[in-house]
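To keep things clear, I will list the structure first and then write my remarks on it.
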Amino acid sequence: MDKRIFVEKKADFRVKSDSLVKELQHNLQLKTLKDLRIVQVYDVFGLAENLFARAEKHIFSEQVTDTVLDEAAVQADFEKYAFFAIESLPGQFDQRAASSQEALLLLGSSNDVTVNTAQLYLVNKDIDANELEAVKNYLLNPVDSRFKDITAGIAKQDFSESDKTIPSLDFFETYTAEDFAQYKAEQGLAMEVDDLLFIQDYFKSIGRVPTETELKVLDTYWS
Numbered sequence: 353m354d355k356r357i358f359v360e361k362k363a364d365f366r367v368k369s370d371s372l373v374k375e376l377q378h379n380l381q382l383k384t385l386k387d388l389r390i391v392q393v394y395d396v397f398g399l400a401e402n403l404f405a406r407a408e409k410h411i412f413s414e415q416v417t418d419t420v421l422d423e424a425a426v427q428a429d430f431e432k433y434a435f436f437a438i439e440s441l442p443g444q445f446d447q448r449a450a451s452s453q454e455a456l457l458l459l460g461s462s463n464d465v466t467v468n469t470a471q472l473y474l475v476n477k478d479i480d481a482n483e484l485e486a487v488k489n490y491l492l493n494p495v496d497s498r499f500k501d502i503t504a505g506i507a508k509q510d511f512s513e514s515d516k517t518i519p520s521l522d523f524f525e526t527y528t529a530e531d532f533a534q535y536k537a538e539q540g541l542a543m544e545v546d547d548l549l550f551i552q553d554y555f556k557s558i559g560r561v562p563t564e565t566e567l568k569v570l571d572t573y574w575s
């Protein structure tokens with residue numbers, strides 16, 4: 353079964369959205385932005401129907417802080433708000449999606465269940481059009497994200513041929529400690545230089561270099 357799940361923080365826990373409004377108003381000098389809501393979107397593919405209720409309750413939301421919105425309520429909000437959604441580019445490592453898939457396995461799902469995530473932003477409808485565009489451009493990082501058509505039906509991310517080829521880090525085999533120190537700083541990695549040298553030795557022992565995705569996964573678990 354495929355299903356789209358919408359999750360929003362309850363009113364008393366919307367610290368992120370409240371602080372984002374202040375950040376946008378200050379940094380972009382916005383005059384007409386008054387309200388902003390953030391809804392986490394999960395597109396779930398191939399999950400057994402009998403597992404969805406438990407997944408919504410225990411994996412995709414926190415009972416104390418979150419509300420799971422039904423699709424009809426979100427559709428109604430589309431009439432009341434200006435809105436847009438942002439998702440990771442195909443091939444980009446999505447920590448939230450990966451964690452969800454791992455948790456679903458513990459819940460008893462099959463190995464072929466996949467999750468795509470996105471963030472839906474609901475903004476007061478009377479916001480100035482130019483200010484709305486400024487907000488969208490501020491929140492989108494085109495290096496790793498793209499806008500998602502949230503009004504379209506649920507569908508797996510489309511991969512172009514270039515998306516299907518995950519870059520290998522060909523430089524990894526020859527990097528020195530000094531090179532890794534610079535690379536760590538540029539990429540904002542959590543792991544230390546010694547960790548990178550350890551990973552380098554491991555991949556040398558198996559006769560290849562890591563892919564970009566593999567290193568991101570390792571860095572996530574290191575942190």
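To convert, note that position 49 of the sequence shown is 401 in our numbering; the numbers rise steadily by one, no gaps. The beta-carbon is built from N, C-alpha and C at its ideal position, and this holds for glycine as well. The structure displayed is predicted, hence computed values, not measured ones.
Spatial distance of leucine 456 from serine 371 (CA atoms): 31 Å
Threonine 572 in three-state terms, based on DSSP: helix
C-alpha gap between leucine 388 and isoleucine 479, whole angstroms: 11 Å
Which listed residue (Lys362, Ile411, Leu399) has its alpha carbon closest to that of valine 391: Lys362
DSSP three-state assignment for glutamate 544, whether helix, strand or coil: coil
Sequence-distant residues of its chain with Cβ nearer than 6 Å to threonine 517 (five each side left out): In this prediction, threonine 517 has a pLDDT of 49, which is less than 50 and means its spatial position is unreliable; what the coordinates show is noted afterwards. Cβ neighbours of threonine 517 beyond the five flanking positions: none.
Neighbourhood of threonine 563 by C-beta, 8 Å cutoff - its chain only, sequence neighbours within 5 removed: Ile518, Pro519, Ser520, Leu521
Nonlocal neighbours in the same chain, by C-beta distance under 6 Å from arginine 356, ignoring five residues either side: Asp395, Ile506
Glutamine 444 to asparagine 489 span [Cα, whole Å]: 19 Å
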